[in-house]
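**Student:**
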Amino acid sequence: MNNSSDPGEYWQNRLAANYSLDGTGFQTLGKQYNRWMYRIRNVIVKRVIQRMESDLNGKEVFDIGSGTGFYIDMWIELGASGVRGSDITDVAVMNLRQKYPSNQFFKLDIGQDELPDQLTARKFDIISAFDVLFHITDDVRYQNAISNVNHLLRKDGIFVFSENFLHHDALRSPHQVSRQLVLIERILQENGFKILERIPMFVIMNAPVDTNNRILQSTWKLIKSTAKKGKFASNVTGCILYPLELILTSIAKEGPSTELMICKKLQECS
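Using our numbering, you'd call the opening residue of the sequence shown number 208 and step up by one each time.
#1: What distance in whole Å lies between the Cβ atoms of glutamate 370 and methionine 468, which are believed to be in contact at a cut-off of 8 Å?
#2: May I ask you to list the residues that DSSP assigns as paired with glutamine 383?
#3: Closest by CA to arginine 304, which one among Glu284, Thr275 and Gly445?
#4: Output needed for lysine 362: all residues of its chain with C-beta closer than 7 Å, excluding positions within five of it in sequence on either side, in chain order.
#5: Within its chain, find whatever has a CB closer than 7 Å to the CB of valine 298; leave out the 5 residues flanking it on each side and keep chain order.
#6: So that I know if they touch, is there some Cβ in chain D lying closer than 8 Å to that of glycine 274?
#7: Of the choices Thr418, Ile271, Phe313 and Ala287, whose alpha-carbon is the least far from that of aspartate 324?
#8: What ranges does the beta strand (DSSP E) occupy inside the stretch 228-260, keeping only unbroken runs of at least 3 residues that lie completely in it?
#9: Name the DSSP beta bridge partners of isoleucine 402, please?
#10: With DSSP run on the structure shown, which of helix, strand or coil describes glycine 364?
Structure below.
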């Protein structure tokens, strides 16, 4: 099933109206709660990257869907030698170029049929796509995205991304599709990737889309309704949950929400 809505137009309008972390994140939960969610993302991703690559000196990184630059800051802080990024919107690319004048940013729809000319000859050691791929609602464009990532990576390069990896049927909405784990695994393998690891990014601080557990679902409803009550409630809810989420993500092997997957490119796809 495909969705004909224009993702570029949707995100251009959304970020033009709210170019911030809650503009790229879970808008209804407020800026304060979103900041706590991004703190969790920062810890989880760094935990994985530092375990995977102890030294990023000499590594070239390309970030897909860079938005406000949150992960650009992270890659720079981790010591990557070259950090480049991209976004589907003009507003993000313009702001990113102003914020990081020493870095290079491209306007890119990673789901398009072919890579733009300025990227066809580029190869990177690491490619990241955080909370991006589930916004590609067209199934063919989703497969294009994985193929394009393969073409942008060097052999044995690392692809790290977040998805919802459902164990049940896909969940579709106008601007987001949570796909089945087995489907994503198949697409990755068909495109020359070996899956190295999959770990939870959230357990209780994000929508539990991959579980029928009534306790988790009721807990999320309570969290969501509390965070929506205003700035103070949004901040306190995130502050209380943050240390608990750090513990849960460190011990859980499977998550009911968004997870992080790390893959290695073994071969060129056709």
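Even for Gly, the Cβ is constructed at its ideal location relative to N, Cα and C.
Please read these numbers as outputs of a predicted model, since none were measured by experiment.
**Tutor:** So, to answer that:
#1: Contact between methionine 468 and glutamate 370 holds, with the beta-carbon distance rounding to 6 Å and staying under 8 Å.
#2: Glutamine 383 is bridged by DSSP to Ser380.
#3: Answer by Cα proximity: Thr275.
#4: Only residues of its own chain outside the window of five on either side were considered, and among them Lys472 have a CB closer than 7 Å to the CB of lysine 362, listed in chain order.
#5: The beta carbon of valine 298 sits closer than 7 Å to the beta carbons of Gln219, Leu222, Ala223 and Tyr226 from its chain, once the five residues preceding and following it are set aside; these are given in chain order.
#6: In the displayed structure, chain D is absent; only one protein chain is listed.
#7: Among Thr418, Ile271, Phe313 and Ala287, the Cα nearest to that of aspartate 324 belongs to Phe313.
#8: Annotation note: the stretch 228-260 contains no uninterrupted beta strand (DSSP E) run of length 3 or greater.
#9: As a beta-bridge residue in DSSP terms, isoleucine 402 pairs with Cys470.
#10: Per DSSP, reduced to three states, the secondary structure at glycine 364 is strand.
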